[in-house]
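The structure under discussion appears below in the form of structure tokens.
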Amino acid sequence: MTDLAARFRKLWDEIAPVGRDEGSGGYLRYALTEPELTLRAWFREQADGRGMPVQEDGNGNLFAWWGDPDTGDAVLTGSHFDSVPHGGAYDGPLGIVSAFLAVDELRAAGVAPVRPVVIAAFVEEEGARFGVPCLGSRLLTGEIAVDRAAGLRDAAGVSFAEALGERPAGADPALVGRFAAFVELHVEQGRALVERDAPVAVASAIWPHGRWRFDFHGEGNHAGTTRMADRRDPMLTYAFTVLAANKEARLRDANATVGRVRVEPNATNAIPSRVTGWLDARAAEPETLHGLVEAVHAKAAERARRDGTELSLTEESATPLVAFDGGLADRLARLLDAPVLPTGAGHDAGVLAAHLPTAMLFVRNPTGVSHSPAESAADADCAAGVTALARVLGELSCR
Ligand code: HGY
Ligand code: MN
Ligand code: MN
Ligand code: MN
Numbered sequence: 005m006t007d008l009a010a011r012f013r014k015l016w017d018e019i020a021p022v023g024r025d026e027g028s029g030g031y032l033r034y035a036l037t038e039p040e041l042t043l044r045a046w047f048r049e050q051a052d053g054r055g056m057p058v059q060e061d062g063n064g065n066l067f068a069w070w071g072d073p074d075t076g077d078a079v080l081t082g083s084h085f086d087s088v089p090h091g092g093a094y095d096g097p098l099g100i101v102s103a104f105l106a107v108d109e110l111r112a113a114g115v116a117p118v119r120p121v122v123i124a125a126f127v128e129e130e131g132a133r134f135g136v137p138c139l140g141s142r143l144l145t146g147e148i149a150v151d152r153a154a155g156l157r158d159a160a161g162v163s164f165a166e167a168l169g170e171r172p173a174g175a176d177p178a179l180v181g182r183f184a185a186f187v188e189l190h191v192e193q194g195r196a197l198v199e200r201d202a203p204v205a206v207a208s209a210i211w212p213h214g215r216w217r218f219d220f221h222g223e224g225n226h227a228g229t230t231r232m233a234d235r236r237d238p239m240l241t242y243a244f245t246v247l248a249a250n251k252e253a254r255l256r257d258a259n260a261t262v263g264r265v266r267v268e269p270n271a272t273n274a275i276p277s278r279v280t281g282w283l284d285a286r287a288a289e290p291e292t293l294h295g296l297v298e299a300v301h302a303k304a305a306e307r308a309r310r311d312g313t314e315l316s317l318t319e320e321s322a323t324p325l326v327a328f329d330g331g332l333a334d335r336l337a338r339l340l341d342a343p344v345l346p347t348g349a350g351h352d353a354g355v356l357a358a359h360l361p362t363a364m365l366f367v368r369n370p371t372g373v374s375h376s377p378a379e380s381a382a383d384a385d386c387a388a389g390v391t392a393l394a395r396v397l398g399e400l401s402c403r
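Sequence positions in the sequence shown follow the working numbering and run 5 to 403.
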């Protein structure tokens with residue numbers, strides 16, 4: 005094992021137990037809950053240990069500064085700590101741990117950046133607790149209204165403002181304006197790097213994507229005494245809609261997923277009164293995505309008429325097509341001799357890309373699996389990611 009891979013492993017092992025579920029082997033690190041708060045405290049310790057003052061933006065995002073904040077034109081890196089339910093170890097934390105190690109590499113090499121290097125930990129990137137992904141970066145950039153963000157509630161009814169302990173501060177153009185570029189390192193969420201036999205890639209684009217809530221209302225009733233012909237069963241409309249989403253996505257070479265459902269009253273012997281399903285849809289082109297959601301909606305509405313149920317559709321979040329700064333991506337790809345890939349996964353980098361030159365680095369994931377305990381990355385590839393990130397930060401902060 006190289007020295008850098010060993011240092012990666014040592015730092016990684018500090019956070020590996022936090023929020024780990026021994027049963028699934030996955031992580032339960034919801035934003036602003038105990039495990040994520042533990043990781044935020046760890047972030048502060050790491051920053052303190054490196055003499056990097058930590059700034060909070062009033063939205064739940066943390067920023068550790070290496071260099072004089074007043075010199076402006078900082079180079080931002082970092083990612084998020086929060087996970088999906090039973091998520092993998094790397095999605096998010098890899099970008100933060102790699103950033104601290106990249107700063108160590110630059111310092112060890114005697115690099116004295118002209119511009120500050122800043123490490124961010126963004127809050128609620130997954131939207132696993134409050135429903136809207138990239139909530140912290142959306143707030144910081146003004147991409148979501150403070151009232152809406154403050155009032156988002158988790159499954160227990162706790163609002164984001166309550167969890168944060170204050171009303172979110174919202175857009176901070178002055179802070180955003182101090183960043184000249186953002187580079188987020190992330191574990192790859194597919195197998196393109198395995199196929200290309202390369203440890204690191206540069207991102208070209210993020211597919212447009214979003215989350216739509218389908219509420220199906222029917223009539224709750226007794227499972228034993230209600231004749232089939234007399235039922236208004238929203239589970240049927242829901243089930244049909246899931247199949248329609250799958251079919252419509254396949255027809256368009258897009259992705260549609262219903263990974264979350266709520267059934268009321270959720271009893272074996274009761275016809276449900278209401279079923280709520282969340283559709284996650286993504287496609288390479290915005291028109292394709294829009295057409296997909298329209299088609300699913302139309303089919304669901306037609307089926308609801310036949311089932312005697314009612315349907316309402318709510319768009320909970322939408323992320324437009326993100327084309328990362330082409331000049332920056334080309335420059336980094338040449339610097340690192342790395343392939344350039346698009347992705348269907350959302351990231352804070354996708355939100356920030358509308359406000360400043362932004363790039364992403366992906367680190368090979370041998371399983372290609374993500375949002376699952378099976379997500380993985382070899383220590384040697386993580387070390388290659390740190391080396392790549394250090395080169396990029398050095399390049400961007402010294403010229
Ligand atoms: O769901 C996503 O695309 C991201 O990982 N938050
Ligand atoms: Mn994720
Ligand atoms: Mn992520
Ligand atoms: Mn519609």
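We treat Cβ as the ideally placed atom computed from N, Cα and C, and that holds for glycine.
Chain C within 8 Å of Leu-315, Cβ atoms only: Absent here is chain C; the protein component of the structure consists of one chain.
From Val-262, Gly-331, Pro-177, Ala-285, residue whose alpha carbon lies closest to that of Ser-141: Pro-177
Where Val-265 sits in the DSSP three-state scheme: strand
Pairwise C-alpha distance: Glu-252 and Ser-316: 19 Å
Buried/exposed call for Gly-64, threshold 16 Cβ in 10 Å: buried
Contact test: Gly-96 Cβ vs ligand 5 heavy atom, cutoff 7 Å: What this structure holds is ligand 1, ligand 2, ligand 3 and ligand 4, not ligand 5.
When Ala-305, Ser-376, Ala-322, Trp-69 are compared against Gly-30, the one with the closest alpha-carbon: Ser-376
Member of Val-115, Trp-46, Val-187, Lys-14 whose CA lies at the smallest distance from the CA of Gly-82: Val-187
His-359 in three-state terms, based on DSSP: coil
With 16 other Cβ atoms within 10 Å as the buried cut-off, status of His-226: exposed
Reference Pro-238, options Phe-12, Ala-249, Asn-270, closest by Cα: Asn-270
Reduced DSSP secondary structure (H/G/I, E/B, other) of Tyr-31: strand
Member of Arg-133, Gly-181, Gly-146, Glu-26 whose CA lies at the smallest distance from the CA of Glu-166: Arg-133
Which listed residue (Arg-254, Val-162, Ala-333) has its alpha carbon closest to that of Met-364: Ala-333
Ser-380 versus Gly-92: straight-line alpha-carbon distance, rounded: 7 Å
Neighbourhood of Tyr-34 by C-beta distance below 7 Å, restricted to the same chain and skipping five residues each side: Glu-40, Asp-86, Ala-132, Arg-133
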